[in-house]
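4 protein chains.
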Amino acid sequence: MDAQPLVGDSSRPLSASGGGGARPRVAIVGASGYAGGETLRLLADHPALEVATLAAHSSAGKRLSEVAPHIDLGRDPELVPSDVENLRGHDVVVLALPHGQSGALAAQLRAEDPDVLVVDLGADHRLESAEDWAEYYRSEHSGTWTYGMPELPLHDGPGGAARQRELLRTAREIAVPGCNATAVSLALVPLVRAGLVDPSALAAVLPVGYSGAGRSAKQHLLLSEAAGGAVPYGVGGTHRHIPEILQNVRRASGVADARLTFTPVLVPMSRGILAVATAPALEGIGQDEVLAALHADYADEHFITVLPAGSFPSTQQVTGANTVRIGATVDRRSGVVTVISAIDNLVKGTAGAAVQSLNLALDLPEGTGLTRTALAP
Amino acid sequence: MDAQPLVGDSSRPLSASGGGGARPRVAIVGASGYAGGETLRLLADHPALEVATLAAHSSAGKRLSEVAPHIDLGRDPELVPSDVENLRGHDVVVLALPHGQSGALAAQLRAEDPDVLVVDLGADHRLESAEDWAEYYRSEHSGTWTYGMPELPLHDGPGGAARQRELLRTAREIAVPGCNATAVSLALVPLVRAGLVDPSALAAVLPVGYSGAGRSAKQHLLLSEAAGGAVPYGVGGTHRHIPEILQNVRRASGVADARLTFTPVLVPMSRGILAVATAPALEGIGQDEVLAALHADYADEHFITVLPAGSFPSTQQVTGANTVRIGATVDRRSGVVTVISAIDNLVKGTAGAAVQSLNLALDLPEGTGLTRTALAP
Amino acid sequence: MDAQPLVGDSSRPLSASGGGGARPRVAIVGASGYAGGETLRLLADHPALEVATLAAHSSAGKRLSEVAPHIDLGRDPELVPSDVENLRGHDVVVLALPHGQSGALAAQLRAEDPDVLVVDLGADHRLESAEDWAEYYRSEHSGTWTYGMPELPLHDGPGGAARQRELLRTAREIAVPGCNATAVSLALVPLVRAGLVDPSALAAVLPVGYSGAGRSAKQHLLLSEAAGGAVPYGVGGTHRHIPEILQNVRRASGVADARLTFTPVLVPMSRGILAVATAPALEGIGQDEVLAALHADYADEHFITVLPAGSFPSTQQVTGANTVRIGATVDRRSGVVTVISAIDNLVKGTAGAAVQSLNLALDLPEGTGLTRTALAP
Amino acid sequence: MDAQPLVGDSSRPLSASGGGGARPRVAIVGASGYAGGETLRLLADHPALEVATLAAHSSAGKRLSEVAPHIDLGRDPELVPSDVENLRGHDVVVLALPHGQSGALAAQLRAEDPDVLVVDLGADHRLESAEDWAEYYRSEHSGTWTYGMPELPLHDGPGGAARQRELLRTAREIAVPGCNATAVSLALVPLVRAGLVDPSALAAVLPVGYSGAGRSAKQHLLLSEAAGGAVPYGVGGTHRHIPEILQNVRRASGVADARLTFTPVLVPMSRGILAVATAPALEGIGQDEVLAALHADYADEHFITVLPAGSFPSTQQVTGANTVRIGATVDRRSGVVTVISAIDNLVKGTAGAAVQSLNLALDLPEGTGLTRTALAP
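Protein chains in written order, with the UniProt record's numbering: chain S, 1 to 377; chain G, 1 to 377; chain B, 1 to 377; chain Y, 1 to 377.
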């Protein structure tokens, strides 16, 4: 599936660490939430980085064992407040903050250390268009950072093989993609790039797990409310991942006027996104062309598997792994392409993408600390 | 929501029972499966019918308490083999059999008693087109029975108000709709009827519960396999409910060339279907027109609720009830109508539709033995 | 299972209603929570009572369709504040309030109408001992009401057949039992009464569903936290249902010095309690004696089923029903009796017990509005 | 928690591999089941072993991607039949077979290669007593292998510090413990060893996940049957893990006449065991003594965490990890010690114990390939 091994020898001196053998020091802000906590889970076993500081807002003062007893760091650090004083002096700062807060904090850190790598798990810096931002987030745009989706192909004319990962290698500010946006973009982008579908009628329905809704206590997220049912949200074009997906389509294909409708449905599982994406097939396009387009874009991707004809993924196959599994077919009667992708929203959809991206930015093997084997059953 | 009460005085003499006060006697074939069992659950509390016989194939010889300990009939009958000898002499025979088996059995029963009411929970007699049957079921068509969806509007020119229920009042052979077909048809039919959408590009993705897959022991249905994930099936236009839905669209709207793509996704819950249906809105069509079309068709329907603008249903709201809840909106950017319907696949999707239909055929108040209140949380 | 039908002709004039045919009017306070909501669900279909008023605290001003869209009253009332002004003038007031609040409200209502029936779903008036109350609830005791467990046998010497239901027939103030207390008490009481076990070493472990923890938004109750795991709470003798269970043992058996250890475990389901209760068998006691004792106490109980030897209940068998299912055995090697009972915590454990008790107090057939058939699968 | 790191430098020459740098080759028999599959999941990332052969019975001929698509070996081997021909020539053979089958196969392998390490995930060789075997398994005993619970303390007089791991270092035949037996034994053994409880009245109730019941398709294991409920099994002293637990107690404490009652309860989760164990405290024993006894036995154990007073584990804290988390308290009113342990039944309860044990037998660092960080939420 991939030509060269991505998980290298972790004992070699890291270029990012200055050669002295010291491992880059990471601070995680928002470590008591799901996004920050999952980043910590992955970094706990990362052989080339040191988790030096955990910061939080309302959970500041608590011990790790209180907020994330499933994670073993070999010690039980206290979560410190998310102040600049606590965050300065790190090589990497990962931010899991409510949107609107990461820009100012990043600027302060950057002012002190121009080399600091800041990775934002939130939405603030994903969009290029200030107009889109204003329309979907109803606040002022705080700028665009390097988008943390290494596998995203970039539109550079026929035969182009550029990927987003090239941009990540030199990034100092990384905006980690939205989890739904990851699942949908990776499913649809190759079809639009290859000109196989009508990009004006893209659609996706996504059964998603509850961890995507965060760890704040809200009544509709209670197990009693959620067990035994399916609950749609963000119906009717209101979901904030729509402009992000269309931006990805545009960057990958050059198609600027794609249109997408998009409905996530909360289903009773903790993790997982199954994106069922559809688009009208252009005349004469069949399953072979669709699978060929997916293979063309992903055959060399370590974390993306295109399934054989007739096979479709389930989210159980990716739980805990940084993998994307994609299956596709064409319904000949309705003339519609269906592409289905499965990811773990907290790994490839959030923390795994962050680790993969920061590995690139630190000149580490891209897959360090990430796995392709999922936890099942 | 409805003009006249549908649940009448159950103590009045039933016309169907000949006036002598005896309640019609019902036999349920396949009582140990989910469809038959749910029919029994509903009939156990039905005030105007008597469950006289329970029949089964591999479970014959077992007691009710062994196969359905959750049901209390006040006695513990033995399940008898599904032979004609055991089934003759009933006023109503409900068949929950693998497809291909109900036709011959019904013919035998009819030969003995021309008045017997036969209700088939299986697929055999839903389709009008022998060609569709052959294509999707790969076997010989065994005829078309009266379709058990009372609320289905029938195409009869402008202003027409005919419903499928009129046909059910005189039916002696009823084909109960497929559960997914019910959820999708009731969501989309009003939009096509009202000419609000392009019927050539209908789509639906349906998170569904596992009971729809039946009670036979299969590895992929085990809790260990299924918990914590979402699993698509019948992808790419292969699902057998597609011709049934298109038939409903045609009968309701006169549109004969509608096209539908359709993907069910198993999610870890026992019951429930959430149909997320989409279609391109025609020029100038907005949410008001869409909701008006739904109200026009369903305002008088006892079991169907059209939710106010901005509200969408969840399956928790219908568990155990015979209700359909529908919400709709138009995504102005993508130009797509999204209609979401929620049903309990075993009630409105199967056994409830059967009871509702046989109530009509027996001249009982249509809602007898059925509830609009769901079990939640 | 029961000698005489408990569900009578609901159309007869109710003695409680003064003979004029008007149905007693009920107010439910705390209707937006799980206990109050479930009471409403049951009363929505109750043929002899009228739900006249729904009251709430923080949800006052909302419509029923917002807080309990699964319940259909045929109208959509607004929840009013829980003030005396809104609650006066009802025949029955059901209180689902945080503990400490029901006593004063009841006194005010009583002062205005000495005949009003007040049913408290909370803990305030369950305990007879002010000392126990102070020890477990750390507040002042507000008195003891008639305990709402009709089936509880009362200790009245050999051959005594008195039940708690006799006391409920004349009650004007009813304290509905705790859900865990119901499951454990009904399992253990017959064994202690019959002198089959050592009452100083009673134990119970109870896998329980999350609805027992209420509807308030708390982090540890989120689906993401709760799915996929088992979480003990109230470990080590701290659970407040312990004195209630021991009080039941004492009232039923005369044994005043019973001791109980008790551990509930939250498991990922909305409803249900499975009480696994154990006690050392006295010399020579075997399964026959144990089952005989259970039958002796429960053979005539409409809602309690003692399973045959070798059978044990599961909570799926009681979901939505007012039933208790009990199985028992003796482990000959360890000399321990194991009795397992299953209930739906919201029905027999809370709202069903309330309805059953108020039926008695209103001189209605005890089982009116309650079912013995559960919702499965 | 542990004095010296157990996960060593995996790049050093393994003594087991003969110094030539080649990694020991492992065959897994029964790789398509849960126990075998989980062993494969762990070994897929094991840095010092090579998974050379996957064998199966009914799944022979299938590819790994068909039976375990969540596991990535970087290749997609075919499962071969479980014949001696396919299994010879490996350094390690892991057997996940129905009981009764592993003895003969092991003998054949041993006859060809006296050094082969055989690890049995099944029950056949756990018990020392042929009488116990005959009583609980109703078949002939096939001998006793070295028990794969490294942390089990061994009774060797006051101050003794022997552990089962010492025996495992030279083992060639390892019997991996039962999952329930692991959870209960590790919870109770320290209390009996320290003489804090009455060993004649041990009890345990265990909410357990469905994967413990295996991957064979059985109706009662279907998600539709299992979701939303708790189901006891093996009630009344019939469970086959009882003699295994008592054997552990005896070997660890010298107490030969302990008695245990034991009830597992299936709850709707895939993985996890929460053992709620109780025993009467001896006079004067309180929480301090109990926690001290647990610390005395486990303070140096890498994979066992004794929680501070007032804290209790949940299974979410161990999912996917090889950890055991234990909390304990004393109920002063009832005089009972409650010890609660949480494990992942497939990891520490099965495959993790296997890997840990074979690491010892291969002279690898004991924790190689195992993690203390769990997957949550």
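No residue lacks a Cβ here, since even glycine has one placed at the ideal position from N, Cα and C.
Quick caveat, the model's predicted, so the values are computed rather than measured.
What three-state label does DSSP hand residue i in the structure shown?
i                      : result
residue 438 of chain Y : A query on residue 438 of chain Y cannot be resolved here, the shown segment of chain Y reaching from 1 to 377 and no further.
residue 190 of chain Y : helix
residue 163 of chain G : strand
residue 331 of chain B : strand
residue 82 of chain B  : coil
residue 318 of chain Y : coil
residue 211 of chain G : helix
residue 102 of chain Y : helix
residue 117 of chain G : strand
residue 41 of chain B  : helix
Within a Cβ cutoff of 6 Å, which residues of the same chain sit near residue i, ignoring the five residues on either side of it in sequence?
i                      : result
residue 76 of chain G  : 63, 64 and 65
residue 267 of chain B : 207 and 230
What in chain G is Cβ-close to residue i, meaning under 8 Å?
i                      : result
residue 341 of chain S : Correct list: empty, because the minimum Cβ distance to chain G is about 11 Å.
Assuming contact is defined by CB atoms lying nearer than 8 Å, are residue i and residue j in contact in what I supplied?
i                      : j                      : result
residue 139 of chain B : residue 125 of chain B : no
residue 282 of chain G : residue 198 of chain G : yes
residue 380 of chain G : residue 205 of chain S : Beyond the ends of chain G as shown, which are 1 and 377, falls residue 380 of chain G; an answer cannot be given.
residue 33 of chain G  : residue 214 of chain G : yes
residue 304 of chain Y : residue 166 of chain Y : no
residue 48 of chain S  : residue 368 of chain S : yes
residue 290 of chain G : residue 191 of chain G : yes
residue 242 of chain Y : residue 183 of chain Y : no
residue 51 of chain Y  : residue 40 of chain Y  : yes
residue 354 of chain Y : residue 319 of chain Y : no
residue 236 of chain Y : residue 264 of chain Y : no
residue 169 of chain G : residue 361 of chain G : yes
residue 342 of chain B : residue 377 of chain B : no
Whose Cβ in chain S lies nearer than 9 Å to the Cβ of residue i?
i                      : result
residue 332 of chain G : 236 and 237
Output needed for residue i: all residues of its chain with C-beta closer than 8 Å, excluding positions within five of it in sequence on either side, in chain order.
i                      : result
residue 67 of chain S  : 31, 32, 37, 56, 59 and 79
residue 280 of chain G : 197, 198, 201, 335, 336 and 337
For a contact defined as C-beta to C-beta under 7 Å, what are the partners of residue i on chain G?
i                      : result
residue 274 of chain S : 230, 232 and 265
residue 142 of chain Y : Residues of chain G passing the Cβ test: none, with the nearest at roughly 28 Å.
Find the residues of chain G that neighbour residue i, judging by a C-beta separation of less than 9 Å, and give them in chain order.
i                      : result
residue 218 of chain Y : 217 and 222
Closer than 7 Å by beta-carbon distance: list the chain B residues that pair up with residue i, in chain order.
i                      : result
residue 129 of chain S : Within 7 Å Cβ-Cβ: nothing; residue 129 of chain S doesn't reach chain B, min ~32 Å.
residue 69 of chain G  : 317
Check the Cβ of residue i against every Cβ in chain Y and list those closer than 8 Å, keeping chain order.
i                      : result
residue 226 of chain G : 223
residue 314 of chain B : 229, 230, 231 and 232
List the residues of chain B whose Cβ lies closer than 9 Å to the Cβ of residue i, in chain order.
i                      : result
residue 269 of chain Y : 227, 228, 229, 230, 267 and 268
Report the neighbours of residue i on chain B: residues whose CB is nearer than 8 Å to its CB, in chain order.
i                      : result
residue 303 of chain Y : Here the premise fails: no neighbours, minimum Cβ distance about 19 Å.
Got a sec? Which residues, its chain only, sit under 7 Å from residue i by beta carbon, not counting five neighbours each side?
i                      : result
residue 3 of chain B   : Low confidence applies to residue 3 of chain B: its pLDDT is 38, below 50, so where it sits in the model is not reliable enough to give any reading.
residue 339 of chain Y : 187, 188, 191, 277, 326 and 328
Cβ of residue i less than 8 Å from any chain C Cβ?
i                     : result
residue 76 of chain G : Protein chains in the displayed structure are S, G, B and Y, and chain C is not among them.
Run through chain S and tell me which residues come within less than 8 Å of residue i, C-beta to C-beta.
i                      : result
residue 211 of chain B : 224
With contact counted as at least three CB pairs below 8 Å, one residue from each stretch, are the segment 216-224 of chain S and the segment 205-225 of chain B in contact? Look at the beta carbons and you see the segment 216-224 of chain S touching the segment 205-225 of chain B: at least three pairs across the two are nearer than 8 Å.
Would the segment 104-120 of chain G count as touching the segment 159-178 of chain G if we require 3 or more Cβ pairs under 8 Å? Contact holds: three or more Cβ-Cβ distances are below 8 Å.
Between the segment 252-262 of chain G and the segment 295-303 of chain Y, do at least 3 Cβ pairs fall closer than 8 Å? No contact exists between the segment 252-262 of chain G and the segment 295-303 of chain Y.
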